[in-house]
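Engineer: First the structure, which I've put down as structure tokens, then a few questions once you've had a look.
There are 2 protein chains.
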Amino acid sequence: MVTKHSYGEPVDTGAVLVDVSTQVETIPCGVVTQEFPFEWQFGMQESDIVYGLGETVRGMNKRGFSYTSWCFDQSAQNESSPYMYGAHNFFVVFGAKTFGMFFDTASKITFDIGWTESDTITVTTKDTGVTVYAITADNDGMTELESIVHQFRKMIGQSYIPPKWAFGFQQSRWGYKTEADVREVVRRYQQAEIPLDAVCLDIDYMTEYEDFTVDTKKFPDMKKLVSDLGKDGIRLVPIIDAGVKQKKGYSVYDEGIKLGYFCKKEDGSEYTAGVWPGRSHFTDFLNDDAALWFGMHYKVLTDLGIEGFWNDMNEPAMFYSEESLKEVFAHIKSLEGKNLDIDSFFEFTPLSNSTFNRDDDYARFFHNMTQKDGSTKKIRHDKVHNLFGSRMTKAAADALAQIKPDKRILLYSRASTVGAHRYGGIWTGDCCSWWSHLEMQIKMIAGLNMCGFLYTGSDTGGFGADTSRDLVLRWTAFSAFTPLMRNHAAWNTRKQECYSFEHPEDFKNILELRYALIPYLYSEYVKAALTNSMLFRPLSFVWPEDLLARETEDQLLVGNDIMIAPIYKQNANGRYVYVPEDMTQVVWKNSCAKERVITKGIHFVEMPLDTVVFFVRKGHAIPLGNPAACVNKLTSDIVQLLGDGESY
Amino acid sequence: MVTKHSYGEPVDTGAVLVDVSTQVETIPCGVVTQEFPFEWQFGMQESDIVYGLGETVRGMNKRGFSYTSWCFDQSAQNESSPYMYGAHNFFVVFGAKTFGMFFDTASKITFDIGWTESDTITVTTKDTGVTVYAITADNDGMTELESIVHQFRKMIGQSYIPPKWAFGFQQSRWGYKTEADVREVVRRYQQAEIPLDAVCLDIDYMTEYEDFTVDTKKFPDMKKLVSDLGKDGIRLVPIIDAGVKQKKGYSVYDEGIKLGYFCKKEDGSEYTAGVWPGRSHFTDFLNDDAALWFGMHYKVLTDLGIEGFWNDMNEPAMFYSEESLKEVFAHIKSLEGKNLDIDSFFEFTPLSNSTFNRDDDYARFFHNMTQKDGSTKKIRHDKVHNLFGSRMTKAAADALAQIKPDKRILLYSRASTVGAHRYGGIWTGDCCSWWSHLEMQIKMIAGLNMCGFLYTGSDTGGFGADTSRDLVLRWTAFSAFTPLMRNHAAWNTRKQECYSFEHPEDFKNILELRYALIPYLYSEYVKAALTNSMLFRPLSFVWPEDLLARETEDQLLVGNDIMIAPIYKQNANGRYVYVPEDMTQVVWKNSCAKERVITKGIHFVEMPLDTVVFFVRKGHAIPLGNPAACVNKLTSDIVQLLGDGESY
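Below, the structure written as structure tokens:
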């Protein structure tokens, strides 16, 4: 059952599509201790587990930290990072009383999950208002956890379904600067006989970082490149940034100014902040006309044959504003004459780095937000900050549906809120080449699924920092099961394409498993989307009474039939696996699957670097296709059924 | 067997006391591919494990990263941090061929342990020279790993043995500003009936951060405070910083100038860098006269009754130099007029934070280093950088032996190299309140022991970032077994004294175990020091043939009889434990031990937050004393023998 409760003056976020709620006086779970500013509390039992909150750091069980929803360019995130790129305000308390809570708001909201006091959840938001949905399990044959997530997902609408080729492997790097670079990547993959479906283009392909342009010095004939690669079944996936360069004569800028579609300051002039192109304006994605206008520009690229995009910097990330830069220079100047003692020195040191993504900058500009009745309303950005990236994704998706009505287009975004899951996928942002960040991905993905984000994955191998061969191998082995499977890295880091390391055949082995599993993965994916269920589930969602299953945070069910137990520790040759019921253990090595029975219980399972090990549930069967060089070349043959089930 | 090989012109570091080596022509392990600049390589087998390198990030097995020895103020270290506060150039390759390597140099040296190429160790140093010791196991009844470490430890001399009270619990915080603050900490511990042996004083106690002063505004009568607390068996442990404030009239400064004991620039003038007191000079600890002069100042504090010290900022940490600051301001100025495009903006952002601990600053000053024959030699700091902190520790230890010849004084340091282990302990520097940092401590401590550092421990609860109750509990439960057991935090973080959280009785439970174990821990400690063995050993040191023991990186033997398996994951109610032989499992709860037999194999062992669980080896016995409010009040009664052994 779902009940709905409104406090303050919530902005319509568009997250909830279908109102399935019952009206009751008092919130049935926890207590609203204050209506405005809003505060909700719940007293946890010691054994209660809290799942959800989507893109957040730390464990599957969210207890013990205070998280804030505030879309933020949080590179090199760590255990103390209160927010990341997404704002996903749904969680489930699993325990003595099991229930879900969705806090529907566009404003900053904080979830103190037993951090200040170990046994208390406190949810607070100071801005606008919030519509709260409290969800308890229905008697629908599912486990309580599954039933609650199912009801929530039904409310927020069906998740985005990408084209099948989007389940192929994507290679990306900030730093593929020219057509020659791209062709070289493809050539090296083909030479190593490692499957590949797409090369992503980071900001390097544009003219001076101007959206919807191609630098013809570096890419003289993009259309031909797309067409040439297309013959091998390989696609290009260009990046689109949120900021539009301020430059007279650049048509997107000129049009946006003329139409008044950029966010404006209090005085009505366009708001300026620095991002990749330097001084930029920001399309008012909360205004339907502006959003459609921006979205229709994707046609520039689809006309070249492009079929996939990633939307970036749409928190929106802002390196500086005119105002913050001026303030910082003045502050530095005021210190220059001085004999810097230790107080003034530590006043000085953070200054040059203090203009990024500032709260005061987010309060300097306004949206002309379209309301349900078609009218518009002026609203300050910081009140609705979390909607920005989502609305950029929606703008792209809505326009692409007009531009290419007969085609599924691949689309994924960095920033998001619940609601955006209907329009595209997300990647989990700028992680680092750290083992702890691989672990974080494993622990985050079920929470993302709970919030509707099914097409998701992480920067395999890590984005920032220098990686190592073993980390890329282990990360690739995990990503082989995630819908979005992309290797991506920053320009100033060690090369990490699969062919960059010794023994590329170990990468080939993993990639061939991925492609052999696509029949299963795509089918399970579509099923999860259509039935509002999760592709990745913690073990407790299936075995809620099993105490060890509840304790397990580093294993996942993938679809209905597979359990994975990824390695995320350097130099580990295996790991402990909890097997909650008898299963089939599959060892994939030399692109060949070997099976053996593994009994219910705790096992140390060997997993050398040249293998991928996973498990098939008893009585289930996994169809295994033939690997191919790309998704287009996959045949529909099922060459092997893994597991002891009779059919899939 | 030890063989010795010299390359280039190594500076005498003083690390090796006894020359136990045999002269042979060629290095018997690996290959010296280049003598100057020096490079040594070894080709690893796939299953080889590399132990050692002391204070470094990542796992017990050091494979898969490139570490550099360069004493550095590395706060908030992460998986990409090449160096920390210590420089510990000893490792053991354990595998097909098992051997130890010690690279004795004062210069920066890099250990690429299978990072660039997965199967290759490459050790390189460009400066001065290096004396290499290659060590293989003797037929001495120990395991190969133990024999190699034993021989190395014998070479470098007996580890520091602290007074027994140093095994008591220490409470610290950057931010105990006044006598009242200190008395309040003691009162709260006493009120909660939680044992306590010392309160550490961070930089707050000094007058304007001047070494060997007490700010009488904040501490009007330090002698009386020491004496009052002493009645309850509680000691004060003040910090001593490496930098000496530039201020005429401050006697340490005036004397140092007059005697010429500070490090000087090329032109002979004193070198200036900013640290806590602002502009400071740095004692030339590599000069014996200067070192003794500085060390004798500790008498100012021992005269007040002080019996313990921690030496800090002795990498040496330098916030800025006159030169670097000037350069940065000029650089910022050059950008001010400009329209900051994205290139110049990213040139700007790091600037104000770019003056810390710079390589070019470390090359701006010189030592007047005392040679073996008593003469002195001018040598540029960067060539011998790693010796600085060690020599500060030695300066203090040598002087304290003169000042208090009849007393063991507690002494521990932040920076260190092999050699300093004879003069004091170390703590592992400014970690963060992160679960991953607790894990790092567990994986680091055996490597520290290998390099001679027995009196060691970490900032329990984490130094930087805000902690949580459960993290402090789990960290305390681990630190209960480490010789240095100190809770320490930064001024701008959440309070983390044991009484700061709900249910302080859970902390009391752990602290009482610690005090009940002191008879065992101190005895095992002294034995390890006197016999040149390790207090903390990885399981493979004892069960080298056991593949699962070799795989285990998160369990340790503590002394000869105890095995620990700490929890370092948030919200875990237990963990997998590998028990390599039948053992006694001890559950410590409500300050009471319950025992049961646990059989050889893999177990999921429950470890709720209100317990400490550990294991006693079969046939062994652990003496358990009565807990007490402080070490002085411990009686010699053994109230219980844990385990199935007959006597300890």
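As given, the protein sequences belong to chains A and B, one line each in that order. Convert by adding 1354 to the 1-based position in the first sequence; the result is the number in my numbering. Convert by adding 1354 to the 1-based position in the second sequence; the result is the number in my numbering. In this text, a Cβ means the ideal position worked out from N, Cα and C, and glycines have one as well. Because the structure is a prediction, the values reported are computed rather than measured.
1. Can you find at least 3 beta carbon pairs, one from the region 1755-1764 of chain B and one from the region 1644-1662 of chain B, that sit closer than 8 Å?
2. Could you name the residues of chain B that residue 1334/A contacts, counting a contact when the two beta carbons are closer than 9 Å?
3. Let me see if you follow: with CB-CB separation under 8 Å, is residue 1703/A close to chain B or not?
4. Mind listing which residues of the region 1668-1684 of chain B have their C-beta closer than 8 Å to chain A's C-betas, in chain order?
5. Pull up the CB-CB distance for residue 1864/A and residue 1836/A, whole angstroms please, since I reckon it's below 8 Å.
6. DSSP beta-bridge partners for residue 1874/B?
7. Using a C-beta cutoff of 8 Å, does residue 1926/B count as contacting chain A?
8. Report the option in 1959/A, 1869/A, 1907/A whose CA atom is closest to the CA atom of residue 1519/A.
9. Quick check: what's the CA-CA separation for residue 1559/B versus residue 1987/B?
10. Opposite residue 1416/A in the DSSP bridges: which residues?
11. Cα-Cα, which of 1435/B, 1418/B, 1569/B is closest to residue 1426/B?
12. Taking 8 Å as the threshold, find out whether the region 1602-1621 of chain B comes into contact with the region 1550-1569 of chain B through three or more Cβ pairs.
13. Using the Cα positions of residue 1409/A and residue 1782/A, report the straight-line distance between them to the nearest angstrom.
14. With residue 1917/B as the anchor, note down where its beta strand (DSSP E) starts and where it stops.
15. Given that residue 1930/A touches chain B, what residues does it touch there, using C-beta distances under 8 Å?
16. If we ignore side chains and look at the alpha-carbon of each, how far apart do residue 1929/B and residue 1699/A end up?
17. Starting from the beta carbon of residue 1556/A, find every residue of chain B whose beta carbon is closer than 7 Å, and list them in chain order.
18. Looking at the unbroken beta strand (DSSP E) that takes in residue 1854/B, where does it start and where does it end?
19. For residue 1845/A, count neighbouring Cβ atoms within 10 angstroms of its own Cβ and tell me buried if that reaches 16, exposed if not.
20. What do you get for residue 1534/A, buried or exposed, if any count of 16 or more other CB atoms within 10 angstroms of its CB means buried?
21. Alpha carbon to alpha carbon, how far is residue 1978/A from residue 1848/A? Give it in angstroms, no decimals.
22. For residue 2013/A versus residue 1482/A, is the C-beta spacing smaller than 8 Å?
23. Are the C-beta of residue 1786/A and some C-beta of chain B separated by less than 8 Å?
24. Can you give me the C-alpha to C-alpha distance between residue 1468/B and residue 1422/B, rounded to a whole angstrom?
25. Given a limit of 7 Å on CB to CB distance, which residues of the region 1450-1472 of chain A reach chain B?
26. Answer with buried or exposed for residue 1541/B, where buried requires no fewer than 16 other C-beta atoms within 10 angstroms of its C-beta.
27. With a cut-off of 8 Å on the beta carbons, I'd call residue 1773/B and residue 1744/B a contact; round off their distance for me.
28. Classify residue 1765/B as buried or exposed, calling it buried when 16 or more other Cβ atoms lie within 10 Å of its own Cβ.
29. Here's the rule: buried if 16 or more other CB atoms are within 10 angstroms of the residue's CB, otherwise exposed. What is residue 1706/B?
30. Taking the C-alpha atoms as reference points, what is the distance between residue 1623/B and residue 1665/A?
31. Alpha carbon to alpha carbon, how far is residue 1391/B from residue 1486/B? Give it in angstroms, no decimals.
32. What did DSSP end up calling residue 1755/B once you bin it into helix, strand or coil?
33. Going by Cα to Cα distance, which pick from 1386/A, 1455/A, 1418/A is closest to residue 1804/A?
34. Residues of chain A with CB closer than 8 Å to the CB of residue 1594/B, please, in chain order.
35. Bridge partners for residue 1937/B per DSSP, in chain order?
36. For residue 1693/A, does the count of other Cβ atoms within 10 angstroms reach 16, so buried, or fall short, so exposed?
Structural biologist: A quick look at the data gives this:
1. Of all C-beta pairs linking the region 1755-1764 of chain B to the region 1644-1662 of chain B, three or more are shorter than 8 Å, placing the two stretches in contact.
2. There is simply no residue 1334/A to check, as chain A begins at 1355 and stops at 2002 in what is shown.
3. Yes, its Cβ sits closer than 8 Å to a Cβ of chain B.
4. When C-beta distances to chain A are compared with 8 Å, the residues of the region 1668-1684 of chain B below that value are 1673, 1674, 1679, 1683, in chain order.
5. In this structure residue 1864/A does not touch residue 1836/A by the C-beta definition: roughly 13 Å separates them, more than the 8 Å allowed.
6. DSSP, once it has assigned bridges, lists no residue as partnering residue 1874/B.
7. Residue 1926/B counts as touching chain A.
8. The candidate whose alpha carbon is nearest that of residue 1519/A is 1869/A.
9. A straight line joining the alpha-carbon of residue 1559/B with that of residue 1987/B spans about 28 Å.
10. In the DSSP output, where bridge partners are listed per residue, residue 1416/A has none listed.
11. Answer by Cα proximity: 1435/B.
12. Verdict: yes, contact present.
13. Computed Cα separation, rounded: 7 Å.
14. First-last of the beta strand (DSSP E) with residue 1917/B: 1916-1918.
15. Simply 1930, 1956.
16. Computed Cα separation, rounded: 46 Å.
17. What residue 1556/A touches in chain B: nothing, since even the nearest Cβ is about 14 Å away.
18. The continuous stretches of beta strand (DSSP E) do not include residue 1854/B, and DSSP gives it neither H nor E.
19. By the 10 Å Cβ count, residue 1845/A comes out exposed.
20. Burial call: exposed.
21. Between residue 1848/A and residue 1978/A, the C-alpha separation is close to 34 Å.
22. The question about residue 2013/A has no answer here: the residues shown for chain A are numbered 1355 through 2002.
23. Closer than 8 Å to the CB of residue 1786/A there is at least one CB belonging to chain B.
24. Residue 1468/B and residue 1422/B: Cα-Cα distance of roughly 14 Å.
25. Close to chain B, meaning a Cβ-Cβ distance shorter than 7 Å, are the following residues of the region 1450-1472 of chain A: 1469, 1471, 1472.
26. Result: exposed.
27. The C-beta distance from residue 1773/B to residue 1744/B rounds to 6 Å, short enough to meet the 8 Å contact threshold.
28. Residue 1765/B is buried by the Cβ-count criterion.
29. Buried.
30. If I take the Cα positions, the gap works out to 57 Å.
31. Roughly 14 Å between the two C-alpha positions.
32. For residue 1755/B, the secondary structure class from DSSP, reduced to helix, strand or coil, is helix.
33. For residue 1804/A, the nearest C-alpha among the options comes from 1455/A.
34. Result: empty, since nearest Cβ-Cβ is about 17 Å, beyond 8 Å.
35. Beta-bridge analysis with DSSP links residue 1937/B to 1952/B, 1971/B.
36. The residue is exposed, with fewer than 16 neighbouring Cβ atoms inside 10 Å.
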